[in-house]
Every structure is written in C-alpha cells, then in structure tokens.
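Numbering (my numbering), first residue to last: 3 to 138.
Here it is in structure tokens:
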C-alpha cells in the first residue's frame, strides 16, 4: 500500500483508490505490450500461471471498480494467448486416464511437471468454466 494512504473499508471510494494503486503496481511488472515482450506473459522469473492470475485479477478489478484503464491491455493479452481455436487449449487436454479426469500441470511431455495434476490448475479451470457458463 502506498505511504500516506489510509484505507477506509467502509468507504467505496477509499477501497477503489487503494485497488487502483495495487492494480497500477501489478501492471508495472507486465512487459508484454513492449518491444520484445510476449503479450499475455510476464517476463522472467515469472511463470505463465502467474500471468494468468494477474490477468484474472485485472478482470476482477475492472468488474468491481468499473475502472477500464487496463482493459485494452488485458484484452490484447487474452486474445493473443487464446490460440488458433480461441479456446486456450483447456478442454482438448482433459485427461481421463487418472484421478477421474482433470488437467495436467503442463501441456507438453517435455515440461517438468507433465505427469501430475494439481488443485490450483483444476480449481481455476472449474472457476473459468463456471464463469463462462454464467455469461453465456
């Protein structure tokens, strides 16, 4: 939180102002809109899932505050990462072979972590699926 800013949790404007400061600080890490950057990804040492969490937070930020300052960046990043079928490769890589189904931590066999499934990835998948169902 910025020095000198007093958050008043009973005041919507105070909450939005604090959220704005946090959103700005988070977006200073993003270089995907700069020359040499990859839209939708954070630079090293950050991983793809951290970029996904950041963009999910930015979508929530817009939803809860109404501040569209970062919407164009978020839209460009999300569309760039969507892939040729506009599906983010989610359902196509569903693995029924173990654990009653689910997504593996990594998509490609050569990636470390390909052979396991984890809670956060599958939880986020279910969250996204529920949100898409609600909006469509």
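The beta carbon of each residue, even a glycine, is placed where N, CA and C say it ideally should be. What you are looking at is a predicted structure, and each value in this text was computed from that prediction instead of being measured.
Reduced DSSP secondary structure (H/G/I, E/B, other) of residue i
i	result
residue 33	coil
residue 98	coil
residue 18	helix
residue 134	helix
residue 3	Unreliable placement is indicated for residue 3, whose pLDDT of 45 sits below 50; the coordinate value is still reported in the next sentence. Of the three classes helix, strand and coil, the one that applies to residue 3 here is coil, per DSSP.
residue 127	helix
Closest Cα partner of residue i within the set the options
i	options	result
residue 95	84, 88, 108	108
residue 105	119, 114, 112, 113	119
residue 82	39, 25, 124	39
residue 102	112, 124, 111, 116	124
residue 97	87, 85, 117, 86	117
residue 92	52, 136, 128	128
residue 51	37, 15, 90, 137	90
residue 15	66, 99, 113	66
Beta-carbon spacing of residue i, residue j below 9 Å
i	j	result
residue 80	residue 56	no
residue 21	residue 48	no
residue 17	residue 10	yes
residue 58	residue 126	yes
residue 25	residue 60	yes
Does the stretch 30 to 45 come into contact with the stretch 65 to 81, if we say contact requires no fewer than three beta-carbon pairs (one atom in each stretch) closer than 8 Å?
yes
Contact between the stretch 40 to 47 and the stretch 65 to 72 (3+ Cβ pairs under 8 Å):
no
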